[in-house]
Amino acid sequence: MTNDIYGPFPGRPDFSAGLTPQQLDRYEQLGTNLDVVERRIADACAAAGRSRDEVTLVVVTKTYPAEDTALLAGLGVTQVAENRDQDAAPKAELCVKLPLTWHFVGQLQTNKVRSVVRYADLVHSVDRPRLVGSLSAAVLKSERSPLGCLVQVALDKEAGEGEGRAGVAPSEVLALADRIADTPGLYLAGVMTVAPLAGPLAGDPARSFDRLAEIATAVRAAHPAATMVSAGMSGDLEQAVAAGATHVRVGTAVLGVRSPLG
């Protein structure tokens, strides 16, 4: 890297002037894709009678290089997500000067917790008490600011499907939310889901996200500050916005189709 795209001032008027031809091509491609996604979110908000500023775009940068993350920051992106610590940790370190909020959205093993709390501002995939304890211990030891945690909801488990997959059944959400809220070093940010692949809601993201909205309402009744509802990806963000999602996690529609090995 010969220029300063990882420097602290992305988005400055001359940002693109310092890019190599290859970087400039990618920068323009990402900008075009971002514009399309922004229009989709704006249209979805309008259709749902919501203000555009009620929905935050989180760009999922998994499998793509840190250079893409820096280019996105230059385009004004402030929220990025990763799902594997082995990819995210070095990327976050390289981009440490950029004004980015880092979301960890993948299944998190306890042996990766110490690394994840070094860079993640929010973890969307909290799904078991042991993980809550591990996150708390790592945060307290690091003396960092409190870590935002979302309960990952596995909607298919409500119908007895999804055994062994990440996420907790809807009936278990409130208990886990209470535990997070009562644990030092953490704060309960809200709930997250992925539209299920099994059970009666499979293939029906609109109904899936409506169900998540009901769960989110119950969580907020007990924990009013837990306002985040993380739902919707490239293929179903409109249904998520219609159901009240506050954060949509979009990767492919911004960065392109990933490698099958990604």
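Sequential numbering of the sequence shown, starting at 160, is according to our numbering. Heads up, the beta-carbon is just placed ideally off N, CA and C, and yes, glycines get one too.
Assuming residue i contacts residue j under a Cβ cut-off of 8 Å, what Cβ separation, rounded to an integer in Å, is found between them?
{"i": "Thr-237", "j": "Leu-259", "result": "6 Å"}
{"i": "Gly-326", "j": "Ser-389", "result": "Not confirmed; about 12 Å, so no contact."}
Per DSSP, which one or two residues make a beta bridge with residue i?
{"i": "Gly-307", "result": "Leu-281 and Tyr-346"}
{"i": "Ser-210", "result": "Per DSSP, none; premise fails for Ser-210."}
{"i": "Met-387", "result": "Gly-349"}
{"i": "His-406", "result": "Thr-215 and Ser-389"}
{"i": "Val-487", "result": "The shown model of the chain, from 160 to 421, leaves out residue 487, and the question about it has no answer."}
Let me know if residue i comes out buried or exposed under the rule of 16 or more other beta-carbons within 10 Å of its beta-carbon.
{"i": "Gly-307", "result": "buried"}
{"i": "Pro-167", "result": "exposed"}
{"i": "Gly-391", "result": "buried"}
{"i": "Val-407", "result": "buried"}
{"i": "Pro-329", "result": "buried"}
{"i": "Thr-220", "result": "buried"}
{"i": "Pro-355", "result": "buried"}
{"i": "Ala-297", "result": "buried"}
{"i": "Arg-338", "result": "buried"}
{"i": "Thr-386", "result": "exposed"}
{"i": "Ser-293", "result": "buried"}
{"i": "Ala-247", "result": "buried"}
Judging by CA-CA distance, which residue of the options is the nearest neighbour of residue i?
{"i": "Val-413", "options": "Gly-233, Gly-190, Asp-173 and Ala-201", "result": "Gly-190"}
{"i": "Phe-263", "options": "Val-282, Pro-249, Lys-250 and Val-272", "result": "Val-282"}
{"i": "Ala-365", "options": "Glu-197, Ala-279 and Ala-207", "result": "Ala-207"}
{"i": "Gln-245", "options": "Ser-274, Arg-338 and Phe-368", "result": "Ser-274"}
{"i": "Arg-243", "options": "Ala-232, Val-332, Leu-231 and Tyr-278", "result": "Tyr-278"}
{"i": "Ser-304", "options": "Val-285, Arg-199 and Gly-344", "result": "Gly-344"}
{"i": "Gly-323", "options": "Lys-300, Ala-340 and Asp-286", "result": "Asp-286"}
{"i": "Asn-192", "options": "Ser-393, Gln-398 and His-382", "result": "Ser-393"}
>> Restricting to runs no shorter than 3 residues, where is the beta strand (DSSP E) found entirely within the region 230 to 289?
In response: Within the region 230 to 289, the runs of beta strand (DSSP E) at least 3 residues long that lie entirely inside it are, in chain order, 238 to 241, 260 to 263 and 281 to 285.
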